[in-house]
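Worksheet: one structure, shown below.
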Amino acid sequence: MLRAGCSMAVEGCSIGDWDGRWGHVQKFLERTGPFTHPDFEPSEESLQFLLETCKILVIGAGGLGCELLKNLALSGFRHIHVVDMDIIDVSNLNRQFLFRSKDVGRPKADVAAEFINQRVPGCNVVPHFKKIQDFDASFYRQFHIIVCGLDSIIARRWINGMLLSLLSYEDGVLDPSSIIPLIDGGTEGFKGNARVILPGMTACIDCTLELYPPQITFPMCTIASMPRLPEHCIEYVRVLQWPKDKPFGDAVGLDGDNPEHVQWVFQESLKRAAEFNITGVTYRLTQGVVKRIIPAVASTNAVIAAACATEVFKIATSAYIPLNNYLVFNDVDGLYTYTFEAERKDNCTACSQVPQKLQFPPSAKLQEVLEYLTENAALQMKSPAISTTLEGKNKTLYLQSIASIEERTRPNLCKTLKELGLADGQELAVADVTTPQTVLFKLNFTSETCSIKQVQN
Ligand SMILES: [Zn+2]
C-alpha cells in the first residue's frame, strides 16, 4: 500500500512540478541559518522526503482542517489522508473555505480532498468519511505525523490513546521508531492552542486533562426530577418536553438556529425554573445550551492551523526545533501568545503505565465508583464500563452502552463493593469512549471514615 502510494507521488511530482515551485520551502531546507536546528544539515533530501515519502494524517476537515490541508499541501506535503465524519452545513461556509454552497450535504472529507487535489497539482489527499474509531492500529501506524483539528475532547483522547498503544518498549526502553508525533490544535472563539505531543515522551492529552473544562452533560434523573441549575431546566425542555409537546408539529426537530424554537424553549424553561425556584434562565443561556456549539472565528482557526502546520513541517524535516510544547493564543482583548512546557503526569491514566488506584471503603456502592470515574477532573470518563475477574471468571459489573446489559447490571450500582464480592487489591478493568484501550484500576479498600480520593502515585 505504502509503496504504491509512493510511486504515484513520483509520477505526480514529475507531472505537477515546475521551475522554482518549491523555492519558498527550499530556502528553509537547503541552507543553514541562525535559527535552524543545531544538528541540521542542509540538503535536497528533506524536500524529496516531503514530496515523495512523508505521510500525514489530518483528523478533522472543518475550520482547522481546511486550513491545515491548504497549509500542508502548499508546504510540499503530498501524501495526506483526512478523516472526518461530518457533512457540510451551510453555516460552515463562512470559514471552511474549501466548501461552496453546492457542496452542502456532502461529506467534508470528500469535498476537501477533491478541492486540494484539483487546486494543488501533484498533491494526493485521500478522504475518509468515517469516525476515527472506525480505524485500527494498522491504519494509524502508516503515518509519520498526525495532526488534529478537532472540536471534541473525547476524539482527542481517543487518538491520543491509540498513538500510545502503538508504542513499543524493549526492556522498558521506548523504541523511538514507534513514536508518531501528534500535533493538536484547538480553538474556541478568539482563543486557541497548538501543541506538540511525542507519545510516551512528552505530556499527552490526558496528562493535561484538567486544562479542559468538563463537557456539560447532566444526569437524566437530575434533569427529570431534581433540577438545581438553570441549565437543568433548559435541558429538561430540550430533551423531554420538546419531543412530548411537539410545539411546531410532529416531524419538527429542535433547531438551535431557529429563533422561534429557541424562544419557545426559553419560555418553557422559565416556567420550569419558576417551579423549582431556580434563577438565571436567559435567552442567551438557552441558545448556548440548545446549540452546544463552540463559536468559531475564522482568523483564530487560521492562526492555530498555521502554528500546527509549521510544527508538522519542523518535525518532518528536523530543520528547526519543534514547539516545546504548548502554545496558547488569545486575542479576546489585545493579542496574547504564550508558550509553556506542559509536563507529563506521573500517574496519567493514558501514558504512565502506572496502575491506577481507586480508594473506597468496602461499604461504598458501585454507583460511587462510577461517579468518581466520570466526575474526577483527571479522569472525565463518559460512560465507563466496569468489569473484573471473580473466581476466575470475567464479570461485567456495569455497562451502559448496551441496553440489555445495562438493565441486567443496573442493580449492581446500588450494591456495595463488598456485596459485589470485590476484595482489597482487586483489579477493575474500565472501558470508555475516551480511550481505545481498557484502563486497569486497582481497588484499595480504605477504612470507613476515609474520604473518597484517588491515591497520587
Ligand atoms: Zn499522559
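Quick note: the sequence shown uses our numbering, first residue 14, plus one each step.
Quick reminder that beta carbons are idealized off the backbone N, C-alpha and C, glycines included.
Computed from a predicted model, the values in this text were never measured in an experiment.
Of the residues 197, 214 and 176, the one placed nearest residue 187, counting alpha carbons only: 214
Neighbouring residues (CB closer than 5 Å to any heavy atom of ligand 1): 217, 219, 220, 361, 363 and 364
Beta-carbon proximity list for residue 455, same chain, < 8 Å, skipping 5 on both sides: 368, 369, 370, 371, 438, 439, 440 and 441
Output needed for residue 52: all residues of its chain with C-beta closer than 6 Å, excluding positions within five of it in sequence on either side, in chain order. none
Alpha carbon to alpha carbon, how far is residue 105 from residue 74? Give it in angstroms, no decimals. 11 Å
From this set, 205, 318, 249 and 328, which residue's C-alpha is nearest residue 49's C-alpha? 328
According to DSSP, residues forming a beta bridge with residue 204: 201 and 343
With the cut-off set at 7 Å, would you say residue 278 and residue 299 are in Cβ contact? yes
Can we say the stretch 176-193 touches the stretch 328-337, given the rule of at least three CB pairs closer than 8 Å? no
So, with DSSP's three-state summary, where would you put residue 282? helix
In its own chain, which residues sit with a C-beta less than 8 Å from the C-beta of residue 376, not counting the 5 before and 5 after it? 429, 430, 431 and 461
Out of 421, 423, 435 and 453, which has the shortest C-alpha to C-alpha gap to residue 386? Closest option to residue 386, Cα to Cα, is 453.
Who are the near neighbours of residue 24 in its chain, counting only those whose CB is closer than 8 Å to its CB and skipping five residues on each side? Only weak support exists for where residue 24 lies, its pLDDT of 45 falling under 50; the coordinates are left without a value.
If you drop the 5 nearest sequence neighbours on each side, which residues of the same chain put their C-beta closer than 6 Å to that of residue 86? 129, 133 and 136
Under the assumption that residue 141 contacts residue 122 (Cβ atoms under 8 Å), give the Cβ distance between them as a whole number of angstroms. Contact flag correct, Cβ pair sits at about 6 Å.
What are the complete alpha helix (DSSP H) segments, minimum 4 residues, inside the stretch 145-177? Note on the stretch 145-177: whole alpha helix (DSSP H) runs with a minimum of 4 residues are 150-154, in chain order.
Any chain D beta carbon closer than 7 Å to residue 300: The displayed structure is made up of one protein chain only, and chain D is not part of it.
If you count every other CB in all the chains shown that lies within 10 Å of the CB of residue 472, and 16 or more means buried, which is it? The question about residue 472 has no answer here: the residues shown for the chain are numbered 14 through 470.
Can you list the beta strand (DSSP E) stretches of 3 or more residues lying completely in the stretch 409-459, in chain order? 440-444 and 452-458
So if DSSP puts residue 350 in a beta bridge, which residue, or which two residues, is it bridged to? Bridge partners of residue 350: 342.
With DSSP collapsed to three states, give me the class of residue 370. strand
Applying the criterion that 16 or more other CB atoms from any shown protein chain within 10 Å of the CB defines a buried residue, is residue 436 buried or exposed? Burial is judged here by how many other beta carbons sit within 10 angstroms of a residue's own beta carbon; residue 436 has fewer than 16 and is exposed.
At which residues does the alpha helix (DSSP H) containing residue 314 begin and terminate? 311-330
Let me know if residue 162 comes out buried or exposed under the rule of 16 or more other beta-carbons within 10 Å of its beta-carbon. buried
Beta strand (DSSP E) containing residue 398: first to last residue? 398-403
Roughly how far, in whole angstroms, is the beta-carbon of residue 69 from the beta-carbon of residue 157, given that I think they are within contact range, below 8 Å? 7 Å
Measuring alpha carbon to alpha carbon, tell me which of 183, 242 and 410 ends up nearest residue 290. Distances from the alpha-carbon of residue 290 to those of 183, 242 and 410 put 242 closest.
Suppose you measure from the CA of residue 255 to the CA of residue 273; what does that come to, to the nearest Å? 13 Å
Cβ-based neighbour list, residue 268, same chain, cut-off 8 Å, excluding 5 preceding and 5 following: Taking C-beta separations shorter than 8 Å and ignoring five residues to either side along the sequence, the partners of residue 268 in its chain run 274, following chain order.
Under 8 Å, with one C-beta from each stretch per pair, do the stretch 385-400 and the stretch 248-266 reach the 3-pair mark? no
Spatial neighbours of residue 459 within its chain, please: CB distance less than 7 Å, with the 5 preceding and 5 following residues excluded, ordered by chain position. 372, 373 and 374
Look up residue 70 in the DSSP assignment and say whether it is helix, strand or coil. strand
Could you check what DSSP says for residue 183 in three-state terms: helix, strand or coil? strand
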